[in-house]
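**Student:** Below is the structure I would like to discuss, written out as structure tokens.
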Amino acid sequence: MPKKNKAAPKLPGSIFTNVFFYVFLAIAIYLVFGTFLQTGINKDVRPISEVAVLIREEKVQDITVTGSDVNVLLKDGTAFVSKKEDGLSFDDFMANNNLDASKVFGKIEVKSKIALDQILSPILMFGFPLLLVFFIYRQMKNASGEIFSFGKSKAKVFSKGPQQVSFKDVGGCREAKTELMEIVDFLKNPEKYRKLGARIPKGILLVGASGTGKTLLAKAIAGEADVPFFSVAGSEFMEMLVGVGSSRARDLFRMAKEAQPSLIFIDEIDAIGRQRGMGIGGGHDEREQTLNQILIEMDGFDARTNVIVLGGTNRGDMLDPALIRPGRFDRRVTIPLPDLEDRREILAIHATGKPLAGDVTLDKIAKRTVGFSGADLENMLNEAAILTARENREVITERDLEEATL
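Residue numbering for the sequence shown follows the UniProt record's numbering, beginning at 1 and increasing consecutively.
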């Protein structure tokens, strides 16, 4: 069943990183504003030479030295701060200036403990810009645009499991299913063919009008063989950036090889598989580079590679001859619009769970829906059910089906 694109759960590491960033930011703001506030309070900054003069004049009450800061309190209550030379102790300052500590009325206190802001300031100076860049990078990487993953494949992956689609879920297409059952056997029993020297087909082209069940058949092949299924539209390879399509093709085939035996389905392959040399770039546009990369990847399959590529298109006549030659898309399976018997089967599948009135028969519906594809039949039954619900009725009538057919 398809892997749902749910948002990835927050990992403990991610939560820790976010919390750490905001704590770091709060500390930085505190220190910055604290420095401004402290500067605002201690506006009186004087040279260290004035401290020496005031000590000689016996006007100093207390001196507190913290790092290079010398906080002086005078006897008259005046306070100011001064800066001593880095690497010079206050005792050396006193000795160099022939100062007597006894002339300080109170005490001279030298704090050996470095202030918190002196420890964190260098860390913040260098660490905060780095952390900010890392945080912005993570936000951009996790953004919905995923700008750092242009070259990654956009294929939807359907894993192995009991809820996979099988041929029983595909109505009609009897001839196509018979032919495709051999592909299932290739995937399930590759050694049987290798022992006989047979080359397993690299690619199968499903050609049919829109809505005839090409994608459903591809899923059914993967379900019957119980192998991983990679589904991607041809247009999803393309971006405005040059080289993105080739990169996505490489990534898709890499994933398929790692998961082999596996199946790749490229829907609307004509979006990238049209004949080369017809584009504006004269053979050098992005579409043709992507096609060249797909051809290279398919040529890189060796005898032990158990990956089969399915291509779906309703314009088989437009495909490049190099794409459909033997050794690449070896086989072409045509899926026509359903005939009467096919329409009965398709209606029976999609009518499951929809209460039909007693006078409504699937045979009658099948006979009047000539030219309908499988998707058209499913949509008709769905529209009839919506009309019934809109009028608060409990069963789908003939009139609902006729109105839904229009």
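In this text, a Cβ means the ideal position worked out from N, Cα and C, and glycines have one as well. Since the structure is predicted, the reported quantities are computational estimates derived from the model, not experimental observations.
(1) Which one of D86, K107, V184 and G106 has the shortest CA to CA distance from V307?
(2) Identify the residues that DSSP records as bridge partners of E109: which are they?
(3) What are the boundary residues of the alpha helix (DSSP H) that S247 is part of?
(4) Starting from K83, trace the alpha helix (DSSP H) both ways and give me its first and last residue.
(5) Only counting the same chain, and skipping five residues up and downstream in sequence, which positions put a Cβ closer than 7 Å to that of V110?
(6) With burial defined as no fewer than 16 other Cβ atoms inside 10 Å of the residue's Cβ, what is the status of I365: buried or exposed?
(7) Using the Cβ count rule (16 or more neighbours within 10 Å means buried), how would you classify P228?
(8) Helix, strand or coil: which one does DSSP assign to I324?
(9) Alpha carbon to alpha carbon, how far is P129 from S231? Give it in angstroms, no decimals.
(10) What residue range does the beta strand (DSSP E) around A233 cover?
(11) Indicate whether D267 and T215 have their beta-carbon atoms separated by less than 7 Å.
(12) Out of M380, K354 and R332, point me to the one whose CA is closest to R343's CA.
(13) Could you check what DSSP says for G312 in three-state terms: helix, strand or coil?
(14) By how many angstroms is the C-alpha of E345 removed from the C-alpha of E398?
(15) Hey, which unbroken runs of the beta strand (DSSP E) at 3 residues or more fall wholly within the stretch 318-398?
(16) Measuring alpha carbon to alpha carbon, tell me which residue in L295, I63 and D359 is nearest F80.
(17) Would you mind working out which of K59, N71 and Q61 sits nearest P47, comparing C-alpha positions?
(18) Taking a contact to mean a Cβ-Cβ separation below 7 Å, would you say S68 touches K84 in this structure?
(19) Only counting the same chain, and skipping five residues up and downstream in sequence, which positions put a Cβ closer than 6 Å to that of G171?
(20) To the nearest angstrom, report how far apart Q61 and F134 are at their CA atoms.
(21) Can the beta-carbon of G245 be found closer than 7 Å to that of M238?
(22) Considering only residues of the same chain and omitting the five flanking positions on each side of R376, which have a CB-CB separation below 7 Å?
(23) Would the beta-carbon of V248 fall within 7 Å of that of I272?
(24) In terms of DSSP beta bridges, what is V70 paired with?
(25) Looking at C-alpha atoms only, which residue of I396, E341 and E391 is the closest neighbour of K354?
(26) Could you check where the alpha helix (DSSP H) with F265 kicks off and where it finishes?
(27) Please determine, among F186, K202 and G203, the residue with the shortest C-alpha to C-alpha distance to K195.
(28) In the DSSP output, what is G197 paired with across the bridge?
(29) Assuming residue 409 and L206 are in contact, meaning their beta carbons sit under 8 Å apart, how far apart are those beta carbons, in whole angstroms?
(30) In its own chain, which residues sit with a C-beta less than 7 Å from the C-beta of I55, not counting the 5 before and 5 after it?
(31) What first and last residue would you give for the beta strand (DSSP E) that runs through V207?
(32) Buried or exposed: which applies to I204, given that a residue is buried once 16 or more other Cβ atoms fall within 10 Å of its Cβ?
(33) When the Cα atoms are used, what is the spatial distance from P336 to C173?
(34) Please report how far the alpha carbon of I108 lies from the alpha carbon of A26, in whole angstroms.
(35) Within this structure, are the beta carbons of F253 and L310 separated by less than 7 Å?
(36) Decide if K6 is buried, meaning its Cβ has at least 16 other Cβ atoms within 10 Å, or exposed.
**Tutor:** Judging by the given coordinates:
(1) In the sequence shown, residue 307 corresponds to position 307, counting from 1. Ranked by how close their Cα comes to the Cα of V307, the residues D86, K107, V184 and G106 have V184 in first place.
(2) Along the sequence shown, read from residue 1 onward, the residue named residue 109 stands at position 109. Under DSSP, E109 takes part in a beta bridge, and its partners are T64.
(3) On the sequence shown, residue 247 is found 247 positions in, with the first residue counted as 1. Unbroken alpha helix (DSSP H) run through S247: V244 to E258.
(4) What you label residue 83 is simply residue 83 of the sequence shown in a count that begins at 1. That residue, K83, is in no alpha helix (DSSP H); its beta strand (DSSP E) goes A79 to K83.
(5) For the purposes of this step, residue 110 is taken as the residue at position 110 of the sequence shown. Within the same chain, V110 has close Cβ partners V65 and F90.
(6) As a working note, residue 365 is residue 365 in the sequence shown. Buried, because 16 or more other Cβ atoms sit within 10 Å of the Cβ of I365.
(7) As a first step, residue 228 is located in the sequence shown; it is residue number 228 there, counting from the start. The residue in question, P228, is buried, as its Cβ has 16 or more Cβ neighbours within 10 Å.
(8) Here residue 324 refers to the residue found at position 324 of the sequence shown. Under the three-state reduction of DSSP output, I324 falls in the coil class, being neither helix nor strand.
(9) Start at 1 with the first residue of the sequence shown, and residue 231 comes out as number 231. Start at 1 with the first residue of the sequence shown, and residue 129 comes out as number 129. Using only the alpha carbons, I get a separation of about 42 Å.
(10) Locating residue 233 in the sequence shown gives position 233, where the first residue counts as 1. Where A233 is concerned, the enclosing beta strand (DSSP E) stretches over F229 to A233.
(11) Here residue 267 refers to the residue found at position 267 of the sequence shown. Here residue 215 refers to the residue found at position 215 of the sequence shown. Against a cut-off of 7 Å, the Cβ pair of T215 and D267 comes out as a contact.
(12) Here residue 343 refers to the residue found at position 343 when the sequence shown is read from its first residue. When only C-alpha atoms are compared, the closest one is M380.
(13) To locate residue 312, count along the sequence shown from 1; it is residue 312. Correct three-state label for G312: strand.
(14) Position 398 of the sequence shown, counted from the start, is the residue given in the question as residue 398. Position 345 of the sequence shown, counted from the start, is the residue given in the question as residue 345. Cα to Cα, E398 sits roughly 19 Å from E345.
(15) Entirely contained in the stretch 318-398, the beta strand (DSSP E) runs reaching 3 residues are, in chain order, 329-335.
(16) As a working mapping, residue 80 is identified with position 80 in the sequence shown. Here the closest residue by C-alpha is I63.
(17) Locating residue 47 in the sequence shown gives position 47, where the first residue counts as 1. Nearest of K59, N71 and Q61 to P47, Cα basis: N71.
(18) As a working note, residue 68 is residue 68 in the sequence shown. As a working note, residue 84 is residue 84 in the sequence shown. Yes. Within cutoff.
(19) Counting from one through the sequence shown, the residue named residue 171 turns up at place 171. Only E345, I346 and I349 meet the Cβ criterion.
(20) The residue given as residue 61 occupies position 61 in the sequence shown. The residue given as residue 134 occupies position 134 in the sequence shown. Each residue's Cα considered, the two are about 50 Å apart.
(21) Walking along the sequence shown from the start, residue 245 turns up at place 245. Walking along the sequence shown from the start, residue 238 turns up at place 238. Against a cut-off of 7 Å, the Cβ pair of M238 and G245 comes out as a contact.
(22) One-based indexing of the sequence shown puts residue 376 at position 376. Before going further, note that residue 376 is Asp rather than Arg in the sequence given. Cβ neighbours of D376 beyond the five flanking positions: G211.
(23) Walking along the sequence shown from the start, residue 248 turns up at place 248. Walking along the sequence shown from the start, residue 272 turns up at place 272. It should be noted that the sequence gives Arg, not Val, for residue 248. Cβ atoms of R248 and I272: not closer than 7 Å.
(24) For the purposes of this step, residue 70 is identified with residue 70 of the sequence shown, where counting begins at 1. Checking the DSSP bridge columns, you'll see V70 partnered with V65 and S82.
(25) As a position in the sequence shown, residue 354 is number 354, starting the count at 1. It is I396 whose Cα lies nearest to the Cα of K354.
(26) Against the sequence shown, residue 265 aligns to sequence position 265. Residue range S262 to D267 is occupied by the beta strand (DSSP E) that includes F265, with no alpha helix (DSSP H) assigned at that position.
(27) Within the sequence shown, numbered from 1, the residue matching residue 195 stands at position 195. Per the C-alpha coordinates, the member of F186, K202 and G203 positioned closest to K195 is F186.
(28) Residue mapping note: residue 197 aligns to position 197 of the sequence shown, counting from 1. Partner(s): none; G197 has no beta bridge.
(29) For residue 409 there is no data in the structure shown, the boundaries of the chain being 1 and 406.
(30) As a first step, residue 55 must be located in the sequence shown, where it is residue number 55. Within the same chain, I55 has close Cβ partners L99, K103 and V104.
(31) Locating residue 207 in the sequence shown gives position 207, where the first residue counts as 1. That run of the beta strand (DSSP E) goes G203 to G208.
(32) Counted from its first residue, the sequence shown places residue 204 at position 204. Result: buried.
(33) The residue you call residue 336 lines up with position 336 of the sequence shown. The residue you call residue 173 lines up with position 173 of the sequence shown. Distance between the alpha carbons of P336 and C173 is about 8 Å.
(34) Position 108 of the sequence shown, counted from the first residue, corresponds to residue 108. Position 26 of the sequence shown, counted from the first residue, corresponds to residue 26. Linking I108 to A26 through their CA atoms gives a straight-line distance of about 35 Å.
(35) Against the sequence shown, residue 253 aligns to sequence position 253. Against the sequence shown, residue 310 aligns to sequence position 310. Inclusion of F253 and L310 in the CB contact set at 7 Å is not warranted, their separation being larger than that value.
(36) Numbered from its first residue, the sequence shown carries residue 6 at position 6. Model confidence at K6 stands at a pLDDT of 41, short of 50, so the residue's coordinates are unreliable and nothing is read from them.
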